[in-house]
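These notes concern the structure reproduced below.
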Amino acid sequence: MPQKRIFIAIHYHPTPDFLSWFSDLKRMTGHESVKWTDEHNFHVTLKFIGDTPDPLIPPLIVELQRIAQNFSPFELTPKGMGYFGPAHSPRVFWTALDDPSQTLASLAQAVDEVCQKQLKTERESQPFTAHLTLGRPKKLSPHFLAKDWVMKFENVTFQSIKVNEFLLIWSTLTPAGPIYKTIRNFPLGRI
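Quick note on numbering: the sequence shown equals residues 2 to 192 in the numbering used here.
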């Protein structure tokens with residue numbers, strides 16, 4: 002049965018101030034030590050689903066449309082920098098997303114519940130952490146400590162963005178990096 006590797010996300014269109022900072026960040030660390038996110042692929046993952054049989058996707062779309070109607074557009078502000086994993090060997094570098102209305106966390110929870118119901122996915126075991134993945138370290142110096150490095154950027158704040166929709170995305174993995182194709186977009190607050 003045909004299937005697609007899918008996830009649900011909010012696309013992040015980088016603002017000029019964010020792109021300038023991200024470019025400087027890449028120069029500081031070098032391209033060989035971190036696999037940086039392509040600037041066209043920035044997104045906030047609401048729920049990674051993985052390989053899903055094609056016939057299960059249309060009923061999921063119906064439920065996601067229902068969710069979208071119950072949420073109004075909201076703003077997010079990228080700020081600071083952090084990492085997942087131990088300080089001496091982090092798995093991911095990220096920037097946090099400030100969401101004063103807590104809409105993003107509520108939206109992620111609603112999406113998670115629909116995926117549990119429609120696709121029998123597991124409930125997310127970790128609390129939702131609103132972030133944009135900046136890159137994944139490949140080879141860092143043995144003396145590198147992520148906490149020292151990210152402290153340099155803990156107070157950086159970028160222009161806010163307005164979130165008007167979320168997306169159901171089909172991800173194809175390639176040696177050059179993932180290729181994302183939008184299956185369906187879900188405008189917030191309207192059909």
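For each residue, glycine too, the CB sits at the ideal point set by N, CA and C. Bear in mind that the values here come from a model prediction, so they are computed numbers and not experimental data.
Measure the alpha-carbon distance for K27 versus L20 and round it to whole angstroms. Within the sequence shown, numbered from 1, the residue matching residue 27 stands at position 26. Within the sequence shown, numbered from 1, the residue matching residue 20 stands at position 19. Rounded to whole angstroms, K27 to L20 spans 11 Å at the Cα level.
Shortest alpha-carbon distance to P101 belongs to which of S172, I58, S161 and I11? Within the sequence shown, the letter at position 100 stands for residue 101. It is S161.
Below 9 Å between beta carbons: does that hold for P188 and E166? Working through the sequence shown from its first residue, we reach residue 188 at position 187. Working through the sequence shown from its first residue, we reach residue 166 at position 165. Yes.
Going by DSSP, what residues sit across from D99 in a beta bridge? Here the question's residue 99 lines up with position 98 in the sequence shown. DSSP output for D99 lists T78 as bridge partner(s).
Which listed residue (A10, K5 and D99) has its alpha carbon closest to that of L108: Within the sequence shown, numbered from 1, the residue matching residue 108 stands at position 107. Among A10, K5 and D99, the Cα nearest to that of L108 is on A10.
Tell me whether F19 sits in a helix, a strand or coil according to DSSP, three-state version. To locate residue 19, count along the sequence shown from 1; it is residue 18. Here F19 sits in helix by DSSP.
If you count every other CB in all the chains shown that lies within 10 Å of the CB of I192, and 16 or more means buried, which is it? As a first step, residue 192 is located in the sequence shown; it is residue number 191 there, counting from the start. At I192, the pLDDT of 48 sits below 50, so the modelled position is not reliable; the number obtained from the coordinates is stated separately. Classification for I192: exposed.
Report the three-state DSSP secondary structure of Q160 (helix, strand or coil). Start at 1 with the first residue of the sequence shown, and residue 160 comes out as number 159. Of the three classes helix, strand and coil, the one that applies to Q160 here is coil, per DSSP.
Is the Cβ of L146 closer than 9 Å to any Cβ of chain D? Of the chains in the structure shown, none is chain D; there is only one protein chain.
Using the three-state DSSP reduction, which class does D39 fall into: helix, strand or coil? The sequence position of residue 39 within the sequence shown is 38, counting from 1. Here D39 sits in coil by DSSP.
Looking only at C-alpha atoms, which of F72, I62, L133 and F43 sits nearest to F85? Residue mapping note: residue 85 aligns to position 84 of the sequence shown, counting from 1. Answer by Cα proximity: L133.
Excluding the five sequence neighbours on either side, which residues of its own chain have a C-beta within less than 8 Å of the C-beta of Q110, listed in chain order? As a first step, residue 110 is located in the sequence shown; it is residue number 109 there, counting from the start. If we look at Q110 and ignore the five residues flanking it on each side, its Cβ neighbours are F129.
Helix, strand or coil: which one does DSSP assign to A131? Mapped onto the sequence shown, residue 131 falls at position 130. Note: A131 maps to coil in three-state DSSP.
With 16 other Cβ atoms within 10 Å as the buried cut-off, status of L65: Walking along the sequence shown from the start, residue 65 turns up at place 64. Its Cβ being crowded by 16 or more others within 10 Å, L65 is buried.
Going by DSSP in three states, S24 sits in which element: helix, strand or coil? As a position in the sequence shown, residue 24 is number 23, starting the count at 1. Helix at S24.
Quick one: is K148 buried, meaning 16 or more other Cβ sit within 10 Å of its Cβ, or exposed? Walking along the sequence shown from the start, residue 148 turns up at place 147. Classification for K148: exposed.
Less than 9 Å between the beta carbons of G190 and Q103, yes or no? For this step, residue 190 is matched to residue 189 along the sequence shown. For this step, residue 103 is matched to residue 102 along the sequence shown. Against a cut-off of 9 Å, the Cβ pair of Q103 and G190 comes out as no contact.
Buried versus exposed, by CB contacts within 10 Å (16 or more), L174: Locating residue 174 in the sequence shown gives position 173, where the first residue counts as 1. That one is exposed.
Residues bridged to T183 by DSSP? What you label residue 183 is simply residue 182 of the sequence shown in a count that begins at 1. Note: T183 sits in a beta bridge opposite I170.
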